[in-house]
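Quick notes on the structure that follows.
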Amino acid sequence: MHNVATIFRREFASYFATPLALVFIVIFLVLAGAFAFYLGGFYERGQADLAPFFNYHPWLYLFLIPALSMRLWAEERKAGTIELLSTLPITLGQAVIGKFLAAWCFAGLALALTFPIWITVNYLGSPDNGAILAAYVGSLLMAGGFLAIGACMSATTSNQVIAFIFTVVICFGFLLSGFPMVLGLFQGWAPQAVIDAVASLSFLTHFNSISKGVIDLRDLLYFGTLIAVWLAATAIVLDMKKAD
Amino acid sequence: MIEINHLTKRYGGLTAVDDLSFSVQPGEVLGFLGPNGAGKSTTMKMITGFLAPTSGSVSVCGHDVDAAPLAAKACMGYLPEGAPAYGEMTVRGFLSFIADVRGLSGERRKQRLDDVTGRLALGSVQEQMIETLSKGFKRRVGLAQALLHDPPVLILDEPTDGLDPNQKHEVRTLINAMAKDKIIVISTHILEEVDAVCNRAIIIANGRILADDTPQKLAQRAPSGRLDEVFRSITTAAAPANHQGAVAHA
Numbered sequence: 008m009h010n011v012a013t014i015f016r017r018e019f020a021s022y023f024a025t026p027l028a029l030v031f032i033v034i035f036l037v038l039a040g041a042f043a044f045y046l047g048g049f050y051e052r053g054q055a056d057l058a059p060f061f062n063y064h065p066w067l068y069l070f071l072i073p074a075l076s077m078r079l080w081a082e083e084r085k086a087g088t089i090e091l092l093s094t095l096p097i098t099l100g101q102a103v104i105g106k107f108l109a110a111w112c113f114a115g116l117a118l119a120l121t122f123p124i125w126i127t128v129n130y131l132g133s134p135d136n137g138a139i140l141a142a143y144v145g146s147l148l149m150a151g152g153f154l155a156i157g158a159c160m161s162a163t164t165s166n167q168v169i170a171f172i173f174t175v176v177i178c179f180g181f182l183l184s185g186f187p188m189v190l191g192l193f194q195g196w197a198p199q200a201v202i203d204a205v206a207s208l209s210f211l212t213h214f215n216s217i218s219k220g221v222i223d224l225r226d227l228l229y230f231g232t233l234i235a236v237w238l239a240a241t242a243i244v245l246d247m248k249k250a251d
Numbered sequence: 030m031i032e033i034n035h036l037t038k039r040y041g042g043l044t045a046v047d048d049l050s051f052s053v054q055p056g057e058v059l060g061f062l063g064p065n066g067a068g069k070s071t072t073m074k075m076i077t078g079f080l081a082p083t084s085g086s087v088s089v090c091g092h093d094v095d096a097a098p099l100a101a102k103a104c105m106g107y108l109p110e111g112a113p114a115y116g117e118m119t120v121r122g123f124l125s126f127i128a129d130v131r132g133l134s135g136e137r138r139k140q141r142l143d144d145v146t147g148r149l150a151l152g153s154v155q156e157q158m159i160e161t162l163s164k165g166f167k168r169r170v171g172l173a174q175a176l177l178h179d180p181p182v183l184i185l186d187e188p189t190d191g192l193d194p195n196q197k198h199e200v201r202t203l204i205n206a207m208a209k210d211k212i213i214v215i216s217t218h219i220l221e222e223v224d225a226v227c228n229r230a231i232i233i234a235n236g237r238i239l240a241d242d243t244p245q246k247l248a249q250r251a252p253s254g255r256l257d258e259v260f261r262s263i264t265t266a267a268a269p270a271n272h273q274g275a276v277a278h279a
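The listed protein sequences derive, respectively, from chains F and Y.
Residues are numbered in this note's numbering as their position in the first sequence, beginning at 1, plus a constant of 7.
Residues are numbered in this note's numbering as their position in the second sequence, beginning at 1, plus a constant of 29.
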């Protein structure tokens, strides 16, 4: 636990040592606002809720979260610090978890800084604040899922651009796995159970059900399992190919 | 002590380290010599637990590196090749991070941090970001990181690479001062360094030990009594056809 906290602190601080933190947060807030107001028609709908704001989070995350996660391990490989890190008396699991939590907290911070829109909607009307809170939780969980996938992709390469592209592609697959575009790949040859399983992997389905204000145990379990599986994969990838 | 038993590392068809066995006792400063690509760094990476050997075993301070990696790593300080460090951190921030990971706290932590910053003359760059430092300072930050917890075993991969003659001299003085009750393994291709700090030298090429002796006795093997001649004659004679390019280049 102590080691996870040490890795976490170093990693979290490293976001703020470069302009990365500022650039990421500003772009995230601007885009989140622009999507909600222009594409989502926040005012025009005349409803006191944040649906137009949260509806665009999956798409926003699709490009922004890989930008955050691509450096997690690829940079360690490039700079050779992976050798330093893996010869310190910490386990690989502690390093993987500490770094992931730092990235997740950072994403959570960016998400928390969208609070003015919550104040705005409360000023304009009387929204269901419970549902808004649930949607925030759902959004944070989804960000964690994207980040865990990104951590694993980052562990496979020393090239951050490759890590970025792989992460976008895989996350896109997970986002759309409930849609005909992905399911079509399986229809015709795979049994119905497999198609249902693939469909149930969709980020969108689980996120949408949480953002309606219902925190279902199955959705929590889904994101929890997703994060755990991808982090385990990260550790396995790192262990298999440490040197190159 | 360090015990290495039949250590082998293969990458596909290439054998980087070939059935290496030796042990190092406290008080020994072992110079690891060899041409580029001889397997020096690969051996050090396996001793420190970064790379898993294809076969064979390493034990450090009685802890098997494969079976008890954390205990083995805790008693080692390691300067990897190129002295990697987190460029966006300040020297102070980086050393504090290492102190935290090494479990140093309270008065001892402060005393150890002061000790290494003093010994390696890092006081003037404490608040500077590591990526803005010169090569010599970066190397010294790497050394400070390895020495921080005052480990009984030090593995230093080219500790004086990139240092100017004065800094080289200071690092050698530092190694000599610590040598008495520690195990120190350094890799280098600067032969005068072996004379200056080592009381034992192992010459390897193509992953095999070609000579293991004191630097003085090794030097006597050449008519001129010069270590570099011994080095050249041993390592070029051992090079098989497919390695000649690399050796000639070195």
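We treat Cβ as the ideally placed atom computed from N, Cα and C, and that holds for glycine.
Chain Y contact residues for residue i, given Cβ-Cβ distances below 9 Å
i	result
N215 (chain F)	Per Cβ cutoff of 9 Å: no residues; N215 (chain F) is ~38 Å from chain Y at best.
R84 (chain F)	Result: empty, since nearest Cβ-Cβ is about 10 Å, beyond 9 Å.
S21 (chain F)	Y115, E117, M118
R225 (chain F)	Going along chain Y, no residue has its Cβ under 9 Å from R225 (chain F), so there is no contact; the nearest lies around 38 Å.
T13 (chain F)	F126, D129, V130
The beta strand (DSSP E) enclosing residue i, as first and last residue numbers
i	result
L59 (chain Y)	58 to 62
E32 (chain Y)	31 to 40
Y107 (chain Y)	105 to 108
I184 (chain Y)	182 to 186
Boundaries of the alpha helix (DSSP H) in which residue i is found, first to last residue
i	result
N205 (chain Y)	194 to 207
N215 (chain F)	210 to 218
A234 (chain Y)	Here A234 (chain Y) belongs to no alpha helix (DSSP H); instead the beta strand (DSSP E) covers 229 to 234.
I243 (chain F)	224 to 247
I14 (chain F)	9 to 24
F181 (chain F)	167 to 183
T94 (chain F)	Where T94 (chain F) is concerned, there is no enclosing alpha helix (DSSP H), given that its DSSP letter is neither H nor E.
L99 (chain F)	99 to 119
L190 (chain F)	187 to 190
I139 (chain F)	136 to 162
S125 (chain Y)	120 to 130
I202 (chain F)	199 to 206
L38 (chain F)	27 to 41
Cutoff 9 Å: residue i Cβ touching any chain Y Cβ
i	result
S161 (chain F)	no
T94 (chain F)	yes
H9 (chain F)	yes
G100 (chain F)	no
Under 7 Å by beta carbon: chain Y residues contacting residue i
i	result
A24 (chain F)	E117, M118
K219 (chain F)	Going along chain Y, no residue has its Cβ under 7 Å from K219 (chain F), so there is no contact; the nearest lies around 41 Å.
R17 (chain F)	F126
G87 (chain F)	P109, G111, P113
Close-in-space but distant-in-sequence residues of the same chain around residue i (CB under 8 Å, 5 per side omitted)
i	result
A81 (chain Y)	M75, D95
C104 (chain Y)	V89, C90, H92, P180, P181, V182
L220 (chain Y)	L62, L256, D257, F260
M158 (chain Y)	G116, E117, M118, T119
8 Å Cβ cut-off: residues of chain Y touching residue i
i	result
I97 (chain F)	L99, V130
Chain F contact for residue i (CB, 9 Å cutoff)
i	result
A279 (chain Y)	Model confidence at A279 (chain Y) stands at a pLDDT of 38, short of 50, so the residue's coordinates are unreliable; what they give is reported in the following sentence. Chain F, which has no Cβ nearer than 9 Å to the Cβ of A279 (chain Y), makes this no.
E110 (chain Y)	yes
P113 (chain Y)	yes
N271 (chain Y)	Only weak support exists for where N271 (chain Y) lies, its pLDDT of 46 falling under 50; the value from the coordinates is given anyway. It does not; no Cβ of chain F falls within 9 Å.
K167 (chain Y)	no
Q245 (chain Y)	no
G42 (chain Y)	no
Q140 (chain Y)	no
K74 (chain Y)	yes
G122 (chain Y)	yes
Q174 (chain Y)	yes
M158 (chain Y)	yes
Cβ-based neighbour list, residue i, same chain, cut-off 6 Å, excluding 5 preceding and 5 following
i	result
Q54 (chain Y)	M30
S21 (chain F)	none
D56 (chain F)	P134
T264 (chain Y)	P64, A234
E18 (chain F)	K106, A109
W237 (chain F)	A155, I156, C159
8 Å Cβ cut-off: residues of chain F touching residue i
i	result
P252 (chain Y)	In chain order: nothing, as chain F lies at least about 41 Å away.
K102 (chain Y)	T94, L95, P96
F79 (chain Y)	E90, S93, T94, K249, A250
Own chain residues within Cβ distance below 7 Å of residue i, not counting five before or after
i	result
G191 (chain Y)	K164, G165, R168
S125 (chain Y)	none
G137 (chain F)	G220
L208 (chain F)	F181, S184
Touching by the beta-carbon criterion (3+ pairs, under 8 Å), the segment 95 to 112 of chain F and the segment 181 to 195 of chain F: Counting Cβ pairs under 8 Å, fewer than three are found: no touch.
Inter-stretch contact (C-beta, 8 Å, three-pair minimum) for the segment 205 to 213 of chain Y and the segment 174 to 182 of chain Y: yes
Touching by the beta-carbon criterion (3+ pairs, under 8 Å), the segment 68 to 76 of chain F and the segment 166 to 186 of chain F: With a cut-off of 8 Å on Cβ pairs, the segment 68 to 76 of chain F is in contact with the segment 166 to 186 of chain F, counting three or more such pairs.
Segment contact flag, the segment 156 to 167 of chain F with the segment 72 to 89 of chain F, C-beta cutoff 8 Å, min 3 pairs: yes
contact_flag[the segment 221 to 230 of chain F, the segment 243 to 250 of chain F] where n(CB pairs < 8 Å) is 3 or more: no
Three or more C-beta pairs below 8 Å linking the segment 89 to 99 of chain F and the segment 130 to 143 of chain Y: Because the criterion of three Cβ pairs below 8 Å is met, the segment 89 to 99 of chain F and the segment 130 to 143 of chain Y touch.
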